[in-house]
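Numbering (our numbering), first residue to last: 55 to 357. All C-beta atoms in this analysis are idealised placements derived from N, C-alpha and C, irrespective of residue type, glycine included. Comments concern the structure below.
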């Protein structure tokens with residue numbers, strides 16, 4: 055007699071029981087983890103899509119983190135330039151007052167002192183830091199853009215200590231945009247009519263010399279200097295808008311990807327609990343049925 059025919063019912067029972075146990079283990083794992091896919095074998099058809107969605111979500115999270123840092127620096131730079139514009143307006147007002155014919159050499163010297171103080175403050179503004187970076191020092195943002203101003207030296211602001219500003223921020227859509235300007239572009243541009251520092255110093259020296267013609271000549275280009283400074287302020291305002299739009303876009307994309315990841319990997323807890331209960335019932339029923347079957351020995355088959 056073929057022994058395999060004797061073992062066939064037992065083999066079928068064991069196969070069925072193993073199948074129930076495997077399904078039960080998976081259902082219980084889904085209940086405990088809340089995940090439908092924990093290993094590649096849980097969803098071979100979905101795993102590549104899931105991994106891609108997770109990678110894209112991680113990329114967007116990193117972009118968001120970077121944008122938060124850049125926002126802090128940009129906000130600091132924009133606020134600093136607002137102060138610079140206000141101070142430069144004070145310089146123009148003081149300069150026009152000093153060029154008035156009723157002024158004396160002594161009063162002009164006092165006005166020159168006020169303008170010198172503003173120049174020192176503007177050099178300090180060029181050294182503004184935010185988030186541990188000197189925002190106007192270009193790519194060498196761990197160092198000051200300028201040494202502190204010294205009105206006894208010429209020029210009082212010294213050499214630019216930073217580097218060119220080439221940093222860019224990444225938009226969630228993959229587009230790069232500029233986020234900074236160097237201090238030597240904003241405050242000490244080499245082109246005539248664009249060096250804010252030089253314009254102020256020229257006016258200060260004219261006042262100290264009590265030279266009305268030199269004062270008038272120094273006042274004439276200050277409108278161009280003011281326009282240049284305001285253009286820098288507008289640049290940072292535009293960067294703020296770009297960052298805000300990028301963060302809003304990133305938020306929408308992250309929500310969409312998070313929903314996609316959830317759909318792919320999260321389980322229906324209620325359904326998994328019901329399936330687990332049903333499988334435990336099936337297992338118990340199968341074991342009871344197996345236990346109620348009459349036990350036959352080899353002698354029963356040999357009769």
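Give the straight-line distance between the Cα atoms of residue i and residue j, rounded to the nearest whole angstrom.
i, j, result
"residue 197", "residue 180", "12 Å"
"residue 133", "residue 289", "12 Å"
"residue 172", "residue 215", "21 Å"
"residue 263", "residue 218", "36 Å"
"residue 104", "residue 316", "9 Å"
"residue 73", "residue 338", "14 Å"
"residue 226", "residue 128", "18 Å"
"residue 120", "residue 220", "16 Å"
"residue 295", "residue 279", "25 Å"
"residue 176", "residue 208", "16 Å"
"residue 287", "residue 237", "12 Å"
"residue 302", "residue 241", "33 Å"
"residue 192", "residue 235", "7 Å"
"residue 342", "residue 109", "48 Å"
"residue 306", "residue 141", "40 Å"
"residue 249", "residue 159", "27 Å"
"residue 270", "residue 156", "15 Å"
"residue 277", "residue 194", "31 Å"
"residue 111", "residue 101", "15 Å"
"residue 56", "residue 311", "With a pLDDT of 47 at residue 56, under the threshold of 50, the modelled position of that residue is not reliable, and no figure is offered here."
"residue 291", "residue 206", "35 Å"
"residue 213", "residue 170", "18 Å"
"residue 164", "residue 154", "14 Å"
"residue 309", "residue 107", "12 Å"
"residue 293", "residue 137", "18 Å"
From the DSSP output, which residues share a beta bridge with residue i?
i, result
"residue 231", "223"
"residue 188", "183"
Please name the residue, chosen from the options, that lies closest to residue i on a Cα-to-Cα basis.
i, options, result
"residue 229", "126, 299 and 177", "299"
"residue 130", "292, 275 and 189", "189"
"residue 126", "118, 166 and 184", "184"
"residue 162", "145, 116 and 109", "145"
"residue 285", "118, 166, 311 and 139", "139"
"residue 113", "178, 224 and 201", "224"
"residue 201", "250, 211, 302 and 287", "211"
"residue 297", "111, 312 and 123", "123"
"residue 244", "260, 259, 282 and 267", "282"
"residue 152", "266, 205 and 304", "266"
"residue 117", "70, 313, 314 and 304", "304"
Less than 6 Å between C-beta atoms, sequence neighbours within five positions excluded: which residues of the same chain meet that for residue i?
i, result
"residue 257", "149 and 272"
"residue 251", "211, 241 and 242"
Among the residues of its own chain, which have a CB less than 7 Å from the CB of residue i, if the five just before and after it don't count?
i, result
"residue 168", "148"
"residue 222", "230, 231, 232 and 233"
"residue 203", "173, 174, 177, 210 and 211"
"residue 260", "268, 269 and 272"
Within a Cβ cutoff of 8 Å, which residues of the same chain sit near residue i, ignoring the five residues on either side of it in sequence?
i, result
"residue 182", "130, 131, 134, 188, 189 and 190"
"residue 275", "246, 247 and 253"
"residue 59", "With a pLDDT of 48 at residue 59, under the threshold of 50, the modelled position of this residue cannot be trusted; read the value that follows with caution. Cβ neighbours of residue 59 beyond the five flanking positions: none."
Quiz prompt | 4-residue-minimum alpha helix (DSSP H) runs that sit fully inside the region 131-215, ordered along the chain | solution = 159-180
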